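Peer 1: Protein chains in written order, with the working numbering: chain S, 3 to 210; chain R, 3 to 210.
Got a structure here, written out as C-alpha cells. Questions coming.
There are 2 protein chains.
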Amino acid sequence: MATDRDTVLEAAVGVLSRRPTAHLDEIARAAGISRATLHRLFPGREALIREVGLLGLRRFAAALDTAGVEEGDAEAALRRLVHASVPDAMLCAFLAGENQLYENDDINDLWELQIARLHALFLRGQQQGVFRIELSAAWLSEAFFDLVAGVGWSIQDGRLAPRDAAFSLTELFLGGALRRPSAPSPAPTTHSTSDRSTSDCRPDTDTP
Amino acid sequence: MATDRDTVLEAAVGVLSRRPTAHLDEIARAAGISRATLHRLFPGREALIREVGLLGLRRFAAALDTAGVEEGDAEAALRRLVHASVPDAMLCAFLAGENQLYENDDINDLWELQIARLHALFLRGQQQGVFRIELSAAWLSEAFFDLVAGVGWSIQDGRLAPRDAAFSLTELFLGGALRRPSAPSPAPTTHSTSDRSTSDCRPDTDTP
DNA sequence: TAATTCTGAGACATCCACGTCTCACATGAA
DNA sequence: TTCATGTGAGACGTGGATGTCTCAGAATTA
Numbered sequence: 003m004a005t006d007r008d009t010v011l012e013a014a015v016g017v018l019s020r021r022p023t024a025h026l027d028e029i030a031r032a033a034g035i036s037r038a039t040l041h042r043l044f045p046g047r048e049a050l051i052r053e054v055g056l057l058g059l060r061r062f063a064a065a066l067d068t069a070g071v072e073e074g075d076a077e078a079a080l081r082r083l084v085h086a087s088v089p090d091a092m093l094c095a096f097l098a099g100e101n102q103l104y105e106n107d108d109i110n111d112l113w114e115l116q117i118a119r120l121h122a123l124f125l126r127g128q129q130q131g132v133f134r135i136e137l138s139a140a141w142l143s144e145a146f147f148d149l150v151a152g153v154g155w156s157i158q159d160g161r162l163a164p165r166d167a168a169f170s171l172t173e174l175f176l177g178g179a180l181r182r183p184s185a186p187s188p189a190p191t192t193h194s195t196s197d198r199s200t201s202d203c204r205p206d207t208d209t210p
Numbered sequence: 003m004a005t006d007r008d009t010v011l012e013a014a015v016g017v018l019s020r021r022p023t024a025h026l027d028e029i030a031r032a033a034g035i036s037r038a039t040l041h042r043l044f045p046g047r048e049a050l051i052r053e054v055g056l057l058g059l060r061r062f063a064a065a066l067d068t069a070g071v072e073e074g075d076a077e078a079a080l081r082r083l084v085h086a087s088v089p090d091a092m093l094c095a096f097l098a099g100e101n102q103l104y105e106n107d108d109i110n111d112l113w114e115l116q117i118a119r120l121h122a123l124f125l126r127g128q129q130q131g132v133f134r135i136e137l138s139a140a141w142l143s144e145a146f147f148d149l150v151a152g153v154g155w156s157i158q159d160g161r162l163a164p165r166d167a168a169f170s171l172t173e174l175f176l177g178g179a180l181r182r183p184s185a186p187s188p189a190p191t192t193h194s195t196s197d198r199s200t201s202d203c204r205p206d207t208d209t210p
C-alpha cells in the first residue's frame, strides 16, 4: 500500500518510537509492505533509521521555516511554531528518544542546527522581555522539544485529542515560559483562524 | 567497582536511556564491571532492562510517597513531588522512553498505578481550583512526566545544572498548569528550605 | 492479449550479540 | 601461608535477525 518512501518512514516511526528494537518484519508489516520491498527501498536497518531521523529533522526544520521563528515577536513566533510542529509531533518524539543515537555527522550537524535555532528564538524572546530570564534558554529549548514529543506520544496512545494538541502545548508551555503570563485565555488562537488544520496530526500507524 | 545491584542498574540507565540497543559489553563497561559479572548479577539482557524499569518505577513510587501527593494542597504537593523526583530524573527518562516496551504484566501494572496517582493529583488540583481545567489531567500528567525526563536528559548532557533542575521544572510547569499563575517569583521555595538537597541528582555515568 | 515492471513469499547463508563455560588472578579470612 | 570467594578475560557454541537470492503472481502499459 505504501510505496512512497516517506509513507514507509512515517509508518516506521509509529513502531520505532515506542519499540526501538522492533524487527524489520514488524516495520514492514506496519507499513503494509513486505520485507523484500522494505529492503528495496532502504538498504538495511541502519539506513532505515537514519532516514527516519533525517525525515524528522527535515520536518522540524520545515516547521521552523514556515513558522518564521527568526522574525517578529518571539511569543507570536512560538505560537506559530507550535502549530507548525504539532502535525509532526510523532517524528519529534522519535528524535527525542534517540537524538544522541547517531554517530553520523550530517544528522548530528542538522540536529544541532535546529536546536540552535530554537535556542536563538528563546534568547531573542528573553532579550525582548517576553520570556522569563530565570529559566535558561537551553532549558526552554529542551522543555519545548520534550513537550512536543509528549504530544506525539499522547496522541499515538489516544490520551490526547489531536485537535487539542496545539492548544494544550501552547497554553502549558507559554504559561511557564512567558515573563508576564497572559491571563489564561479560555479559547485562544487555536480553533479560530486555522491557518493550518491541526487535525492532520495522525500517527498513520495502521491505515491499510 | 560497582558490585551493588542498584549501582549497576543506575549505570545501565545512563547508557540505555540514550541508546536502548546498547550492547551488554557497553553496559558492563559503564558499570565498571566485566560482562561475566554482569551476567552473574542479572541472568540475561531481558532481566536487566526489566529490573531497570522496576527500579525506576520503585523510585518514582517512592517519590510519590515521600511527597505525599494524596494529601493537602495540590500545588504544594506538586512542589514536593518535584523535589522528590528530580534526583531520579534519569530513571524517569528511561521510563519515558520505553514505558510501553514491556509486555510484562507486573511492570505495566506498577506503571499504570503510578500514572493513576499522578492523574489523581491533577484531578484533585483541578477540583480544588488550583490547576487549570482547560488542560486535561491526562495531559498534565504526561507533560509533567516528560519534563521530568527532560530534566534527566539535560543533566546527563550537561545542559542543565543539577542545582537548577528543581527550580526550572517547578517554575516552567506550574506556570502553565496553575489556574491563577503566581507572579513569577524570582526565587521561590527552591534553594531556601532544602528539605532535600537537589544536588545529589547525578547521572552517575562514569565515575570509576 | 502480451510485455514489462513491481511486489510478495519463501528459502537460504551470514553475522553478530548473547549465553555459557573455563581458567588465572586478586582479595580477604583462617 | 593456605584456603575460599569472587572477579576479569577470553574462548566457544548457539540462536535469531539480517541480507541476498529466486520465482510466481499481480498490476500497469502498450
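Yeah, the Cβ is synthetic: ideal placement off N, Cα and C, and Gly gets one too.
A quick note: this is a predicted structure, and the numbers were derived from the prediction, not measured.
Among R/E105, R/S138, R/I117, R/V150, which residue has its Cα nearest to the Cα of R/A49?
Peer 2: Measuring from the Cα of R/A49, the nearest candidate turns out to be R/E105.
Peer 1: Do you know offhand how far S/L162's Cα is from R/R21's?
Peer 2: 27 Å
Peer 1: Anything in chain R within Cβ reach of S/R161, meaning under 9 Å, just list it in chain order.
Peer 2: S138, A140, W141, S143, E144
Peer 1: What is the DSSP secondary structure of S/R21, reduced to helix, strand or coil?
Peer 2: Note: S/R21 maps to coil in three-state DSSP.
Peer 1: Please list, in chain order, all residues of the same chain as R/L57 whose beta carbon is under 6 Å from its beta carbon, the five residues on each side excluded.
Peer 2: L11
Peer 1: Between S/P186 and chain R, is any beta-carbon pair separated by less than 8 Å?
Peer 2: For S/P186, the predicted model reports a pLDDT of 47, less than 50, meaning its position is unreliable and no value from the coordinates is stated.
Peer 1: With R/H85 and R/A168 assumed to form a contact (beta carbons below 8 Å), what rounded beta-carbon distance in angstroms separates them?
Peer 2: About 5 Å separates the CB atoms of R/H85 and R/A168; that is less than 8 Å, so the two are in contact.
Peer 1: For R/D107, collect the residues of the same chain with a Cβ closer than 6 Å to its Cβ; drop the 5 residues on either side in sequence, then sort them by chain order.
Peer 2: Contacts found: none.
Peer 1: Please confirm if R/T9 has its CB atom under 8 Å from at least one CB of chain S.
Peer 2: Taking Cβ atoms only, chain S never reaches closer than 8 Å to R/T9, which makes this a no.
Peer 1: Does S/F44 come out as helix, strand or coil in the three-state DSSP assignment?
Peer 2: coil
Peer 1: Do you know how far the Cα of S/A76 is from the Cα of R/S170?
Peer 2: 20 Å
Peer 1: Just mark S/S143 as buried or exposed, buried being the case when its beta carbon has 16 or more other beta carbons within 10 Å.
Peer 2: buried
Peer 1: Just curious, the alpha helix (DSSP H) that S/V132 is in, first and last residue?
Peer 2: Taken as a continuous stretch (DSSP letters only), S/V132 belongs to no alpha helix (DSSP H), as it is neither H nor E.
Peer 1: Return no unless some Cβ of chain S is closer than 8 Å to the Cβ of R/S170.
Peer 2: yes
Peer 1: Applying a beta-carbon distance threshold of less than 7 Å, which residues of chain R neighbour S/D148?
Peer 2: Per Cβ cutoff of 7 Å: D148, L149, A151, G152.
Peer 1: Please name the residues in the stretch 10–24 of chain R whose beta-carbon is closer than 8 Å to at least one beta-carbon of chain S, in chain order.
Peer 2: R20, R21, P22, T23
Peer 1: Is S/G70 close to chain R, meaning its C-beta is less than 8 Å from at least one C-beta of that chain?
Peer 2: no
Peer 1: Find out if the Cβ-Cβ distance for the pair R/L18, R/F96 is shorter than 8 Å.
Peer 2: yes
Peer 1: Helix, strand or coil for R/A189, going by three-state DSSP, please let me know.
Peer 2: With a pLDDT of only 42 at R/A189, under the threshold of 50, the placement of this residue in the model should not be trusted; the figure read from the coordinates follows. Of the three classes helix, strand and coil, the one that applies to R/A189 here is coil, per DSSP.
Peer 1: Just how far apart, CA to CA, sit R/A64 and R/I29?
Peer 2: 26 Å
Peer 1: So R/E173 packs on S/L125, CB below 8 Å; how close in whole Å?
Peer 2: About 18 Å separates the two Cβ atoms, so there is no contact after all.
Peer 1: Does R/E173 come within less than 8 Å of chain S when only Cβ atoms are used?
Peer 2: So yes, R/E173 belongs to the interface.
Peer 1: Following the continuous alpha helix (DSSP H) through R/A30, name the residue where it begins and the one where it ends.
Peer 2: R/A30: member of the alpha helix (DSSP H) spanning 26–33, first to last residue.
Peer 1: Under a Cβ-count criterion, where at least 16 other Cβ atoms within 10 Å of its own Cβ denotes burial, should S/A98 be classed as buried or exposed?
Peer 2: buried
Peer 1: Going by DSSP, name the residue or residues bridged to R/L180.
Peer 2: Per DSSP, R/F133.
Peer 1: Residues of chain R with CB closer than 8 Å to the CB of S/S156, please, in chain order.
Peer 2: A140, W141, E144
Peer 1: Our contact map puts R/Q130 next to R/A139 with C-beta atoms below 8 Å; I'd like the distance itself, whole angstroms only.
Peer 2: Not quite, the Cβ-Cβ distance comes to about 12 Å (not below 8 Å), so this is no contact.
Peer 1: Suppose the cutoff is 7 Å on Cβ atoms and the five residues either side in sequence are ignored; what does the same chain contact list for R/F146 look like?
Peer 2: Answer for R/F146: L120, F175, listed in chain order.
Peer 1: Check S/G160 in the structure and name its three-state DSSP category.
Peer 2: In the structure shown, S/G160 sits in coil (DSSP, three-state: anything other than H, G, I, E or B).
Peer 1: What span of residues does the alpha helix (DSSP H) with S/E77 cover, start to end?
Peer 2: From DSSP, the alpha helix (DSSP H) with S/E77 extends over 76–87.
Peer 1: The alpha helix (DSSP H) that contains S/G70, what's its start and end?
Peer 2: S/G70: not part of any alpha helix (DSSP H); DSSP gives it neither H nor E.
Peer 1: Does the distance from the C-beta atom of R/R82 to that of R/R134 stay below 8 Å?
Peer 2: no
Peer 1: Using a C-beta to C-beta distance shorter than 9 Å, which residues of chain S count as neighbours of R/A179?
Peer 2: L174, G177, G178
Peer 1: With a CB to CB cut of under 8 Å and the five nearest residues on each side skipped, what residues in its chain are close to S/G152?
Peer 2: A95.
Peer 1: Taking Cβ positions, are S/F62 and S/S36 nearer each other than 8 Å?
Peer 2: no
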